[in-house]
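Right, one structure below, let's go through it.
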Amino acid sequence: MKKLSLLLCASFFSGAAFANETITVGATPVPQSDLLKCAKPVLAKQGYDLKITEFSDYVTPNLALSQKQLDANFFQHKPYLDQYNKDHKTDLIALVKVHIEPMGIYANPKTEANLIKSKKAADTLKGSKVGVPNDPTNEGRALNLLQANGIIKIKPGVAYPTKKDIAENPYGVKIVELDPAMLPRSLKGNQLDLAVINSNFALTAGMQPTKDALFIETKDNPFANIVVIRPDEANLPKIKALGTAMNSPAVKQCIVTKYNGQIIPAF
C-alpha cells in the first residue's frame, strides 16, 4: 500500500514538474511590466508564477540579473546590452525580441506653441536646450534622430555619436545629457526646450509618442526591446517557457490593442 502511494505521488509530481515554480523578471513599468502581465496567464497555465519587479533606471536591472537576484530582465535593446556587457565585463544574452519603442523628439508647451506660430524653425530653435539620454547607445540614437530631422549634423561614419561628434549645429542648440528617466520631468518643468525621449518613459509620463512627438523614429530600426538572461540558464525549462510566452499571441494582442501603434511587435 505504501509503495502504491509513493508511485501515485511520483506520477502526480512528474506530470507537473514545474508547478508553482517562480520566474522573477525585472522590468521598467511601461510598457515592459504591462506586457509581462499579459504573459502571466500564459505561464500560469504551465505551472509558472511570474513575479515582476519594477525598476526606474537602466542600470540596476542588469546588475540584479548578474547577481542572480532575477531570472531575467526586460527593459533594453541589443545595442544597449552589448555596450553594458562591454563596460561591465558581463556576458548577459538576449532571449527573445518583443517590441520596438520608437524614440521621439518632444517639445515643452511653450516651444511647441512657438514652432506652430513661427514660419521659420530657426526663430524657435536658436540656442534651445535639447535633452538626450546620457547612456552611449541611446544618446547616439537620439543624436541620429536630431540629424535626420535637420537640427544637427554628425561626423560621417559614427554609428553611436556623442555631442563631441556634432559636425554642424546650424541652430546653436545646447545638448544636455540626462538620465533617460529624467527627460520628461525636465521637459515638463521647462528646464529643456526639446527632449529626445524613449517611448517607455514618454508613456510613463502620460505622453503619446505617435500623437505628441514632433518627430519619431521609423519602424525599421534595430532597437527592438529584448528579454535578457544569463547564458548558463538559456536551456532551463522555465526560461524557455518565458521566451515562448513573451512571443505568444496573447502578448502580441496586448501590444496591438493596448498601445494602438505607440509600440510595435518585433516578432
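Numbering (the numbering used here), first residue to last: 381 to 647. Beta carbons: idealized from backbone N, C-alpha and C, even for Gly. Owing to the predicted nature of the structure, the values given are computational and were not obtained by experimental measurement.
- Leaving aside the five residues that flank serine 446 on each side, the residues in its chain whose CB is nearer than 6 Å to its CB run, in chain order, Thr470.
- Annotation: alanine 604 is outside any alpha helix (DSSP H); the continuous beta strand (DSSP E) that includes it extends over 604 to 609.
- Cα atoms of threonine 402 and aspartate 451: separation of roughly 9 Å, rounded to the nearest angstrom.
- Lysine 506 places its beta carbon less than 7 Å from that of glycine 552.
- As DSSP reads the structure, asparagine 453 sits in a beta bridge with Gly406, Val608.
- Contact check for leucine 583 against glycine 511 fails: the beta carbons are separated by 7 Å or more.
- Around the beta carbon of isoleucine 496, a 10 Å sphere encloses fewer than 16 other beta carbons of the protein chains shown; the residue is thus reported as exposed.
- Here the C-alpha atom of proline 441 lies approximately 12 Å from the C-alpha atom of glutamine 412.
- Using a Cβ-Cβ distance cut-off of 8 Å, the segment 533 to 545 and the segment 465 to 479 are not in contact, since fewer than three pairs of beta carbons, one from each stretch, lie closer than that value.
- Look at the beta carbons and you see the segment 475 to 491 touching the segment 609 to 624: at least three pairs across the two are nearer than 8 Å.
- Distance check between aspartate 545 and each of Val422, Arg521, Met562 places Arg521 closest, using alpha-carbon atoms only.
- Within the same chain, Cβ atoms closer than 8 Å to the Cβ of glutamine 527 are found at Lys533, Ile534, the five residues on either side in sequence being excluded.
- Looking only at Ile531, Leu523, Asn514, the smallest Cα-Cα distance to aspartate 503 is reached by Ile531.
- Annotated three-state conformation of isoleucine 496 is helix, per DSSP.
- Per the coordinates, the alpha-carbon of histidine 457 lies some 20 Å from the alpha-carbon of cysteine 634.
- Proline 560 places its beta carbon less than 7 Å from that of proline 513.
- Annotated three-state conformation of isoleucine 577 is strand, per DSSP.
- In the displayed model, proline 645 falls within a strand according to three-state DSSP.
- Around the CB of threonine 517, 16 or more other CB atoms lie within 10 Å, so the residue is classed as buried.
- For the segment 483 to 548, the full-length alpha helix (DSSP H) segments reaching 4 residues or more read 489 to 497, 501 to 505, 516 to 528 along the chain.
- At a Cβ-Cβ threshold of 7 Å, asparagine 453 and valine 608 count as neighbours.
- Taken atom to atom, the span from the alpha-carbon of methionine 626 to that of proline 550 is near 44 Å.
- Of the candidates Glu492, Leu525, Ala501, Glu492 places its Cα closest to the Cα of leucine 567.
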